[in-house]
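See below for the structure under consideration.
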Amino acid sequence: MKKIFKNIVLLCISVLLIFGMTACGKDDKQVLKVYNWGDYIDKSVIESFEKEYNVKVVYEEFATNEEMYAKIKAGSSDYDVLIPSDYMIKKMIDEDMLHKLDMNNVPNYKLIQERFKNLAFDSKNEYSVPYMWGTVGILYNKTMVDDPVDSWKILWNEKYKKKIFMLDSIRDSIGITQKMLGYSLNSKNEKELQDVKAALIKQLPLVLSYVGDEVKDKMIGGEAALAVVWSGDAMYMKRENTDLEYALPKEGTNIWYDSMVIPSSSKNTKLAEEFINYMCRTDIALKNVEFIGYSSPQDEVIKQLPEELTSDKSAYPNIEDLKNSEVFEDLSSSLENYDKIWTEVKANY
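Those letters in the sequence shown? Residues -25 to -1, 1 to 324, by mature numbering (1 follows the signal peptide of the UniProt record, and there is no 0).
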């Protein structure tokens, strides 16, 4: 009996030791979940934030604003920081999907240029902090294109059949077609939208592929003559292949602003605000700009960039270059018409 009792005691001690070791080995750090575009941060920034704040960052990527929105709207995610674009931020504000920021926790907000504050999608600067900005334009290979690249119409030139990459993005591909036809990229006019659909279907035989992030490697590798790209990606590709150049068409384009926000479902808002503040710190913001190539909304960052970059109109265009350009707006229920057009276009590809 004593032997049995002794064995029971030893067993209990062993169990307690196992549980104790498990508890000691358990990672009890705070966890911050970040959801961002692909290739849109210097990963060393995440590592330095983890070390400095003694936290764990779970980092995931999305390809489009719509993909991000659908995942958050479904309520199955628990992200703490998102980096969507202007029109999507407005949509999420209107649907009570974003947390109102405590700017006491984001003192580095003062480093943001005034021109990037009080923008229409967050007019009181309550929900978002600017991260990057840029344009949509045409990247072209100078050894393959011998026509002026000053209009969206070149993407409908049969001379470049199967040498054109279009963005696999509803708002961007429909938007450039609207500008090409002389319409607003926020148009809700049914006739104009039907004209857009007809133009995109007419273009289909000329399109080599509809692409996302893979366009970078493809254009660097000389796989096509022309591609619709975001300005920051253009800067990266130009560095990697000097035959490439970027143009803003005369009909105008989309000027976009990506900002950091906190979803209302976040359970770690203070740490999220600290992360946003960290991302605005000059040395960190500089590191991100140097890595991804997009344009900074911070004067102190721009001052530390090389002149060949800040004088490049691909990254920092002047006001005249942006004439006729627009910012995407939330289309609300009209977005269904855009979805339908895009579905029909892709079904014919």
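Glycine included, each C-beta is placed from N, C-alpha and C at the ideal position.
Review point. Which residues bound the beta strand (DSSP E) around residue 233?
Key: 230 to 235
Check your understanding: In the DSSP assignment, what residue or residues form a beta bridge with residue 110?
Key -> 230
Check your understanding: Is the region 188 to 201 close to the region 126 to 145, with three or more CB pairs under 8 Å?
Key -> yes
**Study point:** Whole-angstrom distance between residue 201 and residue 8, CA atom to CA atom
**Key:** 37 Å
Check your understanding: Using the rule of at least 16 other Cβ atoms within 10 Å of the residue's Cβ for burial, across every protein chain shown, is residue 109 buried or exposed?
Key -> buried
Review point. How would you label residue 324, buried or exposed, when you count the other beta carbons within 10 angstroms and need 16 or more for buried?
Key: exposed
Exercise for review: Would you kindly work out how many angstroms separate the C-alpha atoms of residue 59 and residue 235, rounded to a whole number?
Suggested key: 7 Å
Check your understanding: Can you tell me whether DSSP reads residue 123 as helix, strand or coil?
Key -> coil
Review point. Can you give the Cα-Cα distance for residue 231 and residue 147, rounded to whole angstroms?
Key: 11 Å
**Study point:** Chain-order list of residues whose beta-carbon lies under 8 Å from that of residue -2 (same chain, five-residue window excluded)
**Key:** For residue -2, the predicted structure reports a pLDDT of 41, less than 50, and the residue's modelled location is therefore unreliable. A value from the coordinates is still provided. Counting only Cβ-Cβ distances below 8 Å, and skipping sequence neighbours, we find nothing.
**Study point:** Nearest-angstrom Cα separation, counted from residue 15 out to residue 291
**Key:** 18 Å
Practice item. Could you spell out the range, first to last residue, of the alpha helix (DSSP H) harbouring residue 153? Key: 145 to 155
Review point. Which residue from 316, 321, 4, 3 puts its Cα closest to that of residue 169?
Key: 316
**Study point:** Bridge partners - residue 73, DSSP secondary structure assignment
**Key:** 238
Exercise for review: Could you name the residues that DSSP lists as bridge partners for residue 409?
Suggested key: Nothing can be reported for residue 409: it is not among the residues displayed for the chain, which extend from -25 to 324.
Check your understanding: If we ignore side chains and look at the alpha-carbon of each, how far apart do residue 196 and residue 218 end up?
Key -> 11 Å
Point to revise | Among 128, 106, 111, 136, nearest to residue 119 - alpha-carbon criterion | key: 136
Review point. Skipping 5 residues on each side, what residues in its chain have a beta carbon closer than 8 Å to that of residue 99?
Key: 93
Exercise for review: State the Cα-Cα distance for the pair residue 70 and residue 245, rounded to the nearest angstrom.
Suggested key: 22 Å
Practice item. Count the C-beta pairs between the region 205 to 216 and the region 39 to 46 that are closer than 8 Å, then say yes if the count reaches three, no if not. Key: no
Point to revise | Whole-number beta carbon distance between residue 151 and residue 203, since they are thought to touch under 8 Å | key: 6 Å
Check your understanding: How many Å lie between residue 95 and residue 83 at the Cα?
Key -> 22 Å
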